[in-house]
Structure formats: C-alpha cells, structure tokens
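**Q** Just add 122 to the spot in the sequence shown (first one is 1) and you have the working numbering.
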Amino acid sequence: MKRKVSGYDYGECEICNTPMQEKLIKQDFWIRGELVVVEDVPAGVCPQCGEKVVKAEVGQWIAKLIENSERIAKAPRISVPAIKFGI
Ligand SMILES: [Zn+2]
Numbered sequence: 123m124k125r126k127v128s129g130y131d132y133g134e135c136e137i138c139n140t141p142m143q144e145k146l147i148k149q150d151f152w153i154r155g156e157l158v159v160v161e162d163v164p165a166g167v168c169p170q171c172g173e174k175v176v177k178a179e180v181g182q183w184i185a186k187l188i189e190n191s192e193r194i195a196k197a198p199r200i201s202v203p204a205i206k207f208g209i
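1. Do you know whose CA, among Ile137, Glu134, Cys168 and Lys196, lies nearest Lys145's CA?
2. From which residue to which residue does the alpha helix (DSSP H) around Ile194 run?
3. Please list the terminal residues of the continuous beta strand (DSSP E) segment that includes Lys177.
4. Do the segment 171 to 178 and the segment 187 to 204 meet, that is, are 3 or more Cβ pairs less than 8 Å apart?
5. Compute every distance between the C-beta of Glu144 and the non-hydrogen atoms of ligand 1, then say whether any falls below 7 Å.
Shown next as structure tokens:
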C-alpha cells in the first residue's frame, strides 16, 4: 500500500516517467553560511531514480521558513560530518 500524506497527485517523474510517490523528506539549505535542514517536507519522490519535486505552495512555505532567522536561531542543532577533499 502506498503511503499517502495529502493525496496530492505529483504525476510522473520528468526523468523516467515513473509515477511519483508522496513522502516526507528532509531538505537542506545553506543560509548565511549555516547549513539548515527542513524536516518533514511533503514531496513527490520517484521510486525509480530518486528525483524529488515539491508543490509550489510548499516551496513558498519553505522560502518563508528559511527567511525566519529567529526560528532558525531557536531550532535544535544537529552535527553533520565534514570531510576534506584532499586525498
Ligand atoms: Zn524518475
């Protein structure tokens, strides 16, 4: 059974034409030199190639969220691995 979050139809993947499935994903953004992760973003994900699409209104909401420096300042911190390019 497919997991439905909103029931929105994301249509087919632009790359491989597989029907997209709605999932809650994480998206990351660099904002003023800081990596910010937005969790539980509803998105269409291609089960075949991994392509992701978000609805226009979700994209607009994310844009508002990541502009909100107060909200970012209060958000819990996670640590991420950082590796150097050198061999
Ligand atoms: Zn695809």
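Beta carbons are placed, not taken as given, at the ideal position from N, Cα and C, and that holds for glycine.
Predicted model, so just to flag it, every value in this text is computed and none were measured.
**A** By the coordinates alone:
1. The residue labelled residue 145 in the question sits at position 23 within the sequence shown. The residue with the shortest Cα to Cα distance from Lys145 is Cys168.
2. Numbered from its first residue, the sequence shown carries residue 194 at position 72. Ile194 -> alpha helix (DSSP H) spans Ser191 to Lys196.
3. The count along the sequence shown starts at 1 and reaches residue 177 at position 55. Lys177 -> no beta strand (DSSP E), and no H or E assigned at all.
4. no
5. As a working mapping, residue 144 is identified with position 22 in the sequence shown. Glu144 Cβ: outside cutoff for every heavy atom of ligand 1.
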